[in-house]
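Count the sequence shown with the UniProt record's numbering and you get residues 1 to 443, in order. First up is the structure itself, then whatever we jot down about it.
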Amino acid sequence: MAIRVGRRGVLPQCGPGGPATPRRRPRGMCLAPDTRNAGDSAPAEIWWAMQRLEVLDGLRGYFLVFMVLNHLTFSGGYLLVKLNHGELGYVQDAPGFVFLSGLLMGQVYGARMKKHGYKAGASKIYHRVFELYRYTAGCLLAIIALGFLLTESSVYWEPWLWQLARNDWGFALAAAALLYQPTYMDILPQYIVYLALSPPLVWLCVTGRWRKVVIGSWMLWLGVQFGIHLPLASAIDAVMGALYPGLVLRAHFNVLAWQIVFVGGLVLGCLASTGQLNWQRVFDPTRRGLVEASLCIVLFFMIWRLGMTWELFPEAMQARLRTLEIRAEFSMMFLLNFAALSYLVAWLIIGGVRSDSPLARQAGEGLRALFTLPFLRLIGRHSLQVYAWHVLVIYLLKAVDYHQGPFNELTKTAIAASAVASLAIPALLKEHRAAAAAVIAEP
């Protein structure tokens, strides 16, 4: 039976005899994922169909929260930063954020290209590229302006900005060209590059040629692991140094390697939006092989991460592991850990709640509850604005710590919590402007 879902979320109530009369639920209310009381809650499949975008927004919000906690710095460090998933493996917030951006882009623009053609989707993507660049340039200009206003900013911002902390015009031009990326301003340039190159990739996926995209992405990532990018990077460095003394290419993330995360999300998003991929089948609760393998990989890397943190291994083993731990190039250990953890979390959210294992059901329901928290969904819906805001907050709090610190642990925790809470400000402003514009547009 086809049920049309409107603004108020009309859903069937399924009892022993099948679907009954649709019942309205309050707008914004998350449907219960548990299927054990079928007459009183929506089936897991319908819950996921209704709430998947909210879960994805919540995931982006979750990553933004931990970006703030990880990027925030205090004299002597602070304890709160240790309470995050990055301490339990080789998966940080950035790859999750990049993957979700690719996934959502594939879903949105893949569907648009399928319905309206290549040009319609490509024009929207390029419009998004220019929007991202405006925010990148805006962040850069805001930091430069703050550098003029704040005393001694060239001292405490120098590790993040290098010569840009002294308002060097050559470095400023290189930053505007995305060739010189200050600390914490390096994710947006990644997106700009990926989005600018993505329209043909989306079209290939929409038209059933997604395997070519996957193979190309894998080969490019593999080439980086063997140093194929090094001659190009050296040539760019030489040209930049010749144009302006001391200028070098600066980018924390190697776009040729990290593209595998974005492209992976893009391909999955395109396949899902065009009906070539069914999430319920991919994360079938009866198929435990991949789940068990993913869990083993996650536990394996957790042991190594904790062993390195607490220096439990001999120095020779630690030295070997450090040669494999190349985050800038998203080396194999990061890729394996990310893929395994991503599959495990996705299976728990989508398939775990339908599993016959009480532990899997509880874990899945817990993750759904976490990622549908209103605050996380709010900031995740406006991740671009929130990310730009977080950059300014991190730079300003660096100045506060330099001039007013050092702080005690309680004060550091309060400042960190306030910084996280402030992420709602740009999101609320964005929604307020959108609501005001909608009111004005009404006849």
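We treat Cβ as the ideally placed atom computed from N, Cα and C, and that holds for glycine.
query: Simplified DSSP state of threonine 21, which is helix, strand or coil; result: Reliability fails at threonine 21, whose pLDDT of 40 lies under 50, so the model's placement of it is uncertain and no value is given.
query: Glycine 58 beta carbon less than 8 Å from that of glycine 380; result: yes
query: Local Cβ density within 10 Å of aspartate 356, reported as buried at 16 or more and exposed below that; result: exposed
query: Contact check, glycine 351 vs proline 285, beta carbons under 8 Å; result: yes
query: Residues near tyrosine 180 by beta carbon distance below 6 Å, same chain, minus five either side; result: Phe171, Ala174, Arg250
query: Simplified DSSP assignment, three categories, for tyrosine 194; result: helix
query: Under the three-state DSSP convention, the category arginine 250 falls into; result: strand
query: Reduced DSSP category for tyrosine 133 - H, G, I as helix; E, B as strand; rest coil; result: helix
query: Closest residue to alanine 196 among Tyr126, Gln225, Gly121 (Cα-Cα distance); result: Tyr126
query: The alpha helix (DSSP H) enclosing tyrosine 387, as first and last residue numbers; result: 383-404
query: Burial state of asparagine 37, where buried means 16 or more other Cβ atoms lie within 10 Å; result: In this prediction, asparagine 37 has a pLDDT of 40, which is less than 50 and means its spatial position is unreliable; nothing more can be read from the coordinates.
query: The alpha helix (DSSP H) enclosing valine 263, as first and last residue numbers; result: 255-273
query: 8 Å contact criterion, which leucine 64 and serine 294 should meet: CB distance rounded; result: Contact doesn't hold; Cβ gap of about 25 Å is too wide.
query: Beta-carbon proximity of tyrosine 156 to lysine 398, cut-off 8 Å; result: yes
query: Same chain only: Cβ atoms within 6 Å of valine 261, ignoring 5 sequence neighbours per side; result: Pro95, Val98, Phe99
query: Segment contact, 8 Å Cβ cut-off, at least three pairs: the region 364-380 with the region 117-135; result: no
query: Residues bridged to tyrosine 180 [DSSP beta-bridge criterion]; result: Arg250
query: Tryptophan 221 versus asparagine 254 - alpha carbon distance; result: 10 Å
query: Pairwise C-alpha distance: threonine 274 and arginine 27; result: Any reading at arginine 27 must be qualified, since the residue scores a pLDDT of 38, below 50, and its modelled position is unreliable; no value is offered.
query: Proximal residues to asparagine 70 (C-beta, below 8 Å), its chain only, five neighbours per side dropped; result: Val81, Asn84, Gly86, Gln92, Asp93
query: Residue nearest to arginine 60 in terms of C-alpha spacing, selected from Leu88, Gln107, Phe371; result: Phe371
query: Local Cβ density within 10 Å of threonine 136, reported as buried at 16 or more and exposed below that; result: buried
query: Rounded C-alpha distance that separates threonine 411 from leucine 373; result: 26 Å
query: Burial state of glutamate 54 (16 or more Cβ within 10 Å); result: buried
query: Straight-line gap, arginine 361 to valine 353 (C-alpha atoms, nearest Å); result: 4 Å
query: Close beta carbons around arginine 112, own chain, < 7 Å, minus the five adjacent residues each side; result: Ala120, Gly121, Lys124
query: Supposed close pair leucine 132, isoleucine 192 - CB separation, criterion 8 Å; result: 5 Å
query: Beta-carbon spacing of isoleucine 394, tyrosine 184 below 8 Å; result: yes
query: Backbone secondary structure at serine 75 - three-state DSSP; result: coil
query: Methionine 333 beta carbon less than 8 Å from that of phenylalanine 301; result: yes
query: Validate contact between the region 101-115 and the region 267-283 using beta carbons, cut 8 Å, 3 pairs; result: yes
query: C-beta atoms of tryptophan 258 and phenylalanine 330 nearer than 8 Å; result: yes
query: Enclosing alpha helix (DSSP H) for asparagine 337 [first to last residue]; result: 332-350
query: The ligand COA heavy atom lying under 7 Å from the CB of tyrosine 180; result: Ligands displayed in this structure: none; no statement on the ligand COA is therefore possible.
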